[in-house]
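>
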Amino acid sequence: YCFIKNENYSNLKPNFNNVYGYGPQLVINEKDLRQAKEILGETLVEEKQINICPRCGSTNIGLGRNRNVILRFFIVLIAVLLVIPLRKKSPKLYCRECKTIIS
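If you read the sequence shown in the working numbering, its first letter stands for residue 3, the second for the next number, and so on.
Structure, rendered in structure tokens:
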């Protein structure tokens with residue numbers, strides 16, 4: 003069985019769908035996952051994807067650290083004071099060997 007989650011919220015506030023990552027979501031029981039993926043035309047990924055640095059070829063990859071901590075603090079402070087919603091940023095990967103940021 004399955005059901006749709008966040009449908010009402012996305013209809014009430016459609017502008018916030020991209021900001022907060024909301025929107026209608028299809029929730030499926032685990033035992034029906036393979037059949038649902040086949041219906042949607044997606045393939046199941048059985049193996050974990052290994053990230054490789056394009057510059058040095060290392061597999062020692064980590065989540066990117068925000069180097070502008072002070073700037074980020076002021077952006078959050080201003081957004082809170084002015085009641086501006088912040089968009090969700092995806093974390094960046096970086097190579098721990100050569101310090102290259104991988105997007």
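Glycine is no exception: its CB is placed at the ideal position from the N, C-alpha and C atoms.
Exposed or buried, which one is cysteine 97 when buried takes at least 16 other CB atoms within 10 Å?
In the sequence shown, residue 97 corresponds to position 95, counting from 1. Answer is buried; the Cβ neighbour count reaches 16.
> Is leucine 28 closer than 8 Å to cysteine 4 when the C-beta atoms are compared?
Mapped onto the sequence shown, residue 4 falls at position 2. Mapped onto the sequence shown, residue 28 falls at position 26. In contact: cysteine 4 and leucine 28 (Cβ atoms closer than 8 Å).
> Apart from the five residues just before and just after asparagine 8, which ones in its own chain have a Cβ nearer than 7 Å to its Cβ?
If you number the sequence shown from 1, residue 8 lands on position 6. Hits under 7 Å: Tyr24, Gly25, Pro26, Gln27.
> What three-state label does DSSP hand isoleucine 30 in the structure shown?
Looking up residue 30 in the sequence shown gives position 28. Strand, per DSSP.
> Among all the DSSP beta bridges, which residues are the ones paired with tyrosine 11?
Residue numbering aside, residue 11 sits at position 9 when the sequence shown is read from its first letter. In the DSSP output, where bridge partners are listed per residue, tyrosine 11 has none listed.
> Under DSSP, the alpha helix (DSSP H) around leucine 84 begins and ends at which residues?
In the sequence shown, residue 84 corresponds to position 82, counting from 1. Neither: leucine 84 is in no alpha helix (DSSP H) and is coded neither H nor E.
> Indicate the three-state DSSP secondary structure (helix, strand or coil) for isoleucine 72 in the structure shown.
For the purposes of this step, residue 72 is taken as residue 70 along the sequence shown, with counting starting at 1. Reduced to three states, the DSSP call for isoleucine 72 is helix.
> Are the CB atoms of serine 60 and glutamate 99 nearer to each other than 8 Å?
Locating residue 60 in the sequence shown gives position 58, counting from the first residue. Locating residue 99 in the sequence shown gives position 97, counting from the first residue. Taking 8 Å as the Cβ cut-off, serine 60 and glutamate 99 qualify as a contacting pair.
> Please state whether DSSP places isoleucine 54 in a helix, a strand or coil.
As a first step, residue 54 must be located in the sequence shown, where it is residue number 52. If DSSP states are grouped into helix, strand and coil, isoleucine 54 belongs with coil.
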